[in-house]
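Shown next, in structure tokens, is the structure this report addresses.
Numbering (our numbering), first residue to last: -18 to 392.
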């Protein structure tokens, strides 16, 4: 929220960017609901793009998803968690990076010993954070320590408050915050009645997130003037200190850390399914499709993912750098899988579709166009992180040729 307020110094624009982010994510969810119900398999984007275009296109999206999106998200969240923890104890950068690495190792070990334990941890932290955030949203106005004047103006002067490119850049952390709306497509093969429950999970999850994000930003603006909000690193803690005092700030900081840890655990749970699905097609490194004989988890894929995430932590080092790297990769992959919807409508018109995307063809086209604008803004203003993402994508080409040659030899 602080970075967004810095880019959009207007209360109305701050709320608007969260609404736009929710609507854009919904546009993507409509497309993925159709794709996921058509192909209820592990792998998500990798499966859809492979079926729509070519095995190489599917491989590159799967490669990017594994090495940039999921590993990058894990690196981003681990760095964010360690930075937040470091603020409590005034830790220097090497210790913060060490905590980030240990966090990745611990959550990977939890998911190594069983899906049930990883899912249980995810459910507990998920319920806790929703309850904590909504409680904060309900109690905040009752304290009387904020000011509704901070919310004004909501509409007046909104057109000239910030340039369009600033709005596009502000969408980067917003879209990252919505990341997870498509999580269920990666475990579609493990969902009961995927034709019904997969679209439902996408839409209900997005509705909850959008409502919570809007409530929380209203709380932040009630507690802090826009100019002050734009200068804080942790809006939740800063707002809680204004509304509830120093003890309240510490409690909210604890909830923020628990929230980050829960989201990190969810991505550790989901990411290995991409490499696992690719390895089953013999388009990934040997042994990654190996399932642990006792725990029945994709153990090798989990630890390969952990190694990549740790390498990204050590290379990118800070939360903002990891965030921009990951968000750019997300935009590239979501553009590809939404384009797959059009190709599959043309190439496989008779394939059963338990759910058909509402608003086709205009809504998915709007989603692709908006993502292209945000990706272009990141490429221009955050060139280093974006180019690293493109390099990771292109690095997949020789590996694809290698894996295809291995398939041809029967190895």
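Every residue gets a Cβ at the ideal spot worked out from N, C-alpha and C, and that includes glycine. What you are looking at is a predicted structure, and each value in this text was computed from that prediction instead of being measured.
Check whether the stretch 312 to 324 touches the stretch 347 to 358, counting contact only when three or more Cβ pairs, one atom from each stretch, lie closer than 8 Å.
Because the criterion of three Cβ pairs below 8 Å is met, the stretch 312 to 324 and the stretch 347 to 358 touch.
Would you mind sorting residue 97 into buried or exposed? The rule is 16 or more other CB atoms within 10 Å of its CB.
Mapped onto the chain shown, residue 97 falls at position 116. Under this definition residue 97 is an exposed residue.
Could I get the ranges of all uninterrupted beta strand (DSSP E) runs contained in the stretch 243 to 308, with 3 residues as the minimum, in chain order?
DSSP runs (the beta strand (DSSP E)) wholly in the stretch 243 to 308: none.
State the CB to CB distance for the pair residue -8 and residue 211, rounded to an integer number of angstroms; the pair is presumed to be in contact (CB under 8 Å).
Counting from one through the chain shown, the residue named residue -8 turns up at place 11. Counting from one through the chain shown, the residue named residue 211 turns up at place 230. Between residue -8 and residue 211 the beta-carbon gap is near 11 Å, outside 8 Å, which marks them as no contact.
Residues in the same chain with beta-carbon distance under 6 Å from residue 418, minus the five sequence neighbours each way, listed in chain order, please.
Residue 418 is absent from the structure shown; the chain starts at -18 and stops at 392.
What alpha helix (DSSP H) runs, 4 residues minimum, are completely inside the stretch 59 to 139?
Within the stretch 59 to 139, the complete alpha helix (DSSP H) runs of at least 4 residues are 74 to 93, 96 to 124.
Check whether the stretch 184 to 202 and the stretch 287 to 295 touch, using three or more Cβ-Cβ pairs below 8 Å as the test.
With the cut-off at 8 Å, the stretch 184 to 202 and the stretch 287 to 295 do not touch.
Given residue 169, which residues of its chain have a CB within under 8 Å of its CB, disregarding the five upstream and five downstream residues?
Position 188 of the chain shown, counted from the first residue, corresponds to residue 169. Closer than 8 Å at Cβ, skipping near neighbours: 17, 20, 21, 22, 23, 25, 175, 179.
For residue 213, name the three-state secondary structure that DSSP assigns.
Along the chain shown, one-based indexing puts residue 213 at 232. Under the three-state reduction of DSSP, residue 213 is assigned to coil, being neither helix nor strand.
Is the distance from the Cβ of residue 271 to the Cβ of residue 147 below 7 Å?
Looking up residue 271 in the chain shown gives position 290. Looking up residue 147 in the chain shown gives position 166. Taking 7 Å as the Cβ cut-off, residue 271 and residue 147 do not qualify as a contacting pair.
Excluding the five sequence neighbours on either side, which residues of its own chain have a C-beta within less than 8 Å of the C-beta of residue 334, listed in chain order?
Your numbering for residue 334 matches position 353 in the chain shown. Correct list, in chain order: 15, 18, 19.
Considering just the uninterrupted stretch of the alpha helix (DSSP H) at residue 164, what are its terminal residues?
Against the chain shown, residue 164 aligns to sequence position 183. It is not in any alpha helix (DSSP H) - residue 164 carries neither H nor E in the DSSP assignment.
Should residue 367 go down as buried or exposed, given a rule of 16 or more other Cβ atoms within 10 Å for buried?
In the chain shown, the residue the question calls residue 367 occupies position 386. When all chains shown are included, residue 367 counts as buried.
Proximity winner among 264, 250, 137, relative to residue 278 (alpha-carbon distances):
Reading the chain shown from its first residue, position 297 is the one you call residue 278. The shortest CA-to-CA distance from residue 278 to any of 264, 250, 137 is the one to 250.
With 16 other CB atoms within 10 Å as the buried threshold, where does residue 328 fall?
The count along the chain shown starts at 1 and reaches residue 328 at position 347. Exposed, by the Cβ-count rule.
Could you tell me if residue 108 is buried or exposed, where buried requires 16 or more neighbouring beta carbons within 10 angstroms of its beta carbon?
Within the chain shown, numbered from 1, the residue matching residue 108 stands at position 127. Per the 10 Å Cβ criterion, exposed.
Look at the Cβ atom of residue 303, then the Cβ atom of residue 297, and state whether they are nearer than 7 Å.
Walking along the chain shown from the start, residue 303 turns up at place 322. Walking along the chain shown from the start, residue 297 turns up at place 316. With respect to residue 297, residue 303 sits close: the two C-beta atoms are nearer than 7 Å.
What residue does the alpha helix (DSSP H) around residue 379 start on, and which one ends it?
Your numbering for residue 379 matches position 398 in the chain shown. 364 to 390 is the span of the alpha helix (DSSP H), which, as asked, contains residue 379.
Selected residue, minimal CA-CA separation from residue 344, among 330, 182, 323, 355:
Here residue 344 refers to the residue found at position 363 of the chain shown. Checked all of 330, 182, 323, 355; the closest Cα to residue 344 is 323.
Limits of the unbroken alpha helix (DSSP H) element including residue 32:
Indexing the chain shown from 1 puts residue 32 at position 51. It spans 26 to 33 - the alpha helix (DSSP H) in which residue 32 sits, taken as one unbroken run.
Quick check: residue 237 and residue 217, are their CB atoms within less than 7 Å of each other?
In the chain shown, residue 237 corresponds to position 256, counting from 1. In the chain shown, residue 217 corresponds to position 236, counting from 1. Yes. Within cutoff.
Near residue 187, what residues of its chain come up, given a Cβ to Cβ distance below 8 Å and the 5 sequence neighbours on each side ignored?
Taking the chain shown and counting its residues from 1, the one referred to as residue 187 is at position 206. Counting only Cβ-Cβ distances below 8 Å, and skipping sequence neighbours, we find 3, 6, 7, 10, 159, 162.
Backbone CA spacing between residue 51 and residue 307 [nearest angstrom]:
Translated into positions along the chain shown, residue 51 becomes position 70. Translated into positions along the chain shown, residue 307 becomes position 326. When rounded, the distance between both Cα atoms is 8 Å.
For the stretch 357 to 365 against the stretch 62 to 79, are there 3 or more C-beta pairs whose distance is under 8 Å?
Three or more beta-carbon pairs separated by less than 8 Å are not found between the stretch 357 to 365 and the stretch 62 to 79, which leaves the two stretches without contact.
Grouping DSSP H, G and I as helix and E and B as strand, with all else coil, what is residue 205?
Start at 1 with the first residue of the chain shown, and residue 205 comes out as number 224. Residue 205 falls in the coil class under three-state DSSP.
State the DSSP-derived secondary structure class of residue -11, mapped to helix, strand or coil.
In the chain shown, the residue the question calls residue -11 occupies position 8. Coil at residue -11, not helix or strand.
Are the CB atoms of residue 93 and residue 283 nearer to each other than 7 Å?
Looking up residue 93 in the chain shown gives position 112. Looking up residue 283 in the chain shown gives position 302. Yes, these two residues count as a Cβ contact at 7 Å.
If we count the other Cβ atoms within 10 Å of its Cβ and call it buried at 16 or more, is residue 101 buried or exposed?
Counted from its first residue, the chain shown places residue 101 at position 120. Per the 10 Å Cβ criterion, exposed.
In the DSSP assignment, the alpha helix (DSSP H) including residue 43 goes from what residue to what residue?
In the chain shown, residue 43 corresponds to position 62, counting from 1. Note, residue 43: alpha helix (DSSP H), 36 to 45.
Between 341, -1, 364, 388, which has its C-alpha nearest residue 190's C-alpha?
Working through the chain shown from its first residue, we reach residue 190 at position 209. Nearest C-alpha to residue 190: -1.
With a threshold of 8 Å, are at least 3 pairs of Cβ atoms found where one atom belongs to the stretch 212 to 232 and the other to the stretch 116 to 134?
They touch, by the three-pair rule.
May I ask which residues mark the beginning and end of the alpha helix (DSSP H) holding residue 51?
By 1-based counting over the chain shown, the position of residue 51 is 70. Counting along the chain, no alpha helix (DSSP H) covers residue 51, and no H or E run does either.
At 4 residues or longer, what runs of the alpha helix (DSSP H) sit wholly inside the stretch 321 to 364?
Here the runs fully enclosed are 343 to 362.
Residue from 299, 309, 353 with nearest C-alpha to residue 363:
Taking the first residue of the chain shown as position 1, residue 363 is located at position 382. It is 309.
Report the option in 266, 27, 45 whose CA atom is closest to the CA atom of residue 369.
The residue labelled residue 369 in the question sits at position 388 within the chain shown. Per the Cα distances, 45.
Measure how close the beta-carbons of residue 239 and residue 110 come, nearest whole angstrom, since I'm counting them as under 8 Å.
In the chain shown, counting from the first residue as 1, residue 239 sits at position 258. In the chain shown, counting from the first residue as 1, residue 110 sits at position 129. Confirmed, Cβ separation roughly 6 Å.
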